[in-house]
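Here the structure comes first, spelled out in structure tokens, and everything after it is commentary.
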Amino acid sequence: MHDKLFHSPVALTVGLGFKREIASLAEMHDFLTNWTTSRRGPLHRNAVEACGLALEGCITRDEARHALVEFAKAAGILWPEIEPVIVARAVARGYGGYAA
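Okay, so the sequence shown: first residue is 7 according to our numbering, each after it adds one.
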């Protein structure tokens, strides 16, 4: 299955601030088959079909990867190209439970 790696992984948002990288056809297949049934649609179906065709050698891995990217864009789960920045600041402590 190592010969079925993508030239570059597809980064997806899988929760609030959590990223999952899909680097192979096997990972793509696993991700798509575990995708929420109620959120499946034509682009999901296309991506699953493209994955199967690529595993059989009928289409290239890049074509399957492109189908995954298109599905991820439509589903709103494609990780942004610019990494999001999460900032945490300490809260100033005051007297009597109020901020100073």
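Using N, Cα and C, we set each Cβ at its ideal position, and we do this for glycine too.
Residue 24 is bridged by DSSP to 21. In this structure, residue 73 sits near residue 52, with a CB-CB distance shorter than 8 Å. For the 8 Å CB-CB criterion, residue 17 and residue 85 form a contact. Non-local beta-carbon contacts of residue 83 in its own chain, meaning distances under 8 Å to residues more than five positions away in sequence, involve 18, 19, 20 in chain order. In this structure, DSSP gives residue 48 a helical state, which the three-state scheme calls helix.
Between residue 54 and residue 38, the C-beta spacing is below 8 Å.
Ranked by Cα distance from residue 35, the first of 15, 61, 68, 80 is 61.
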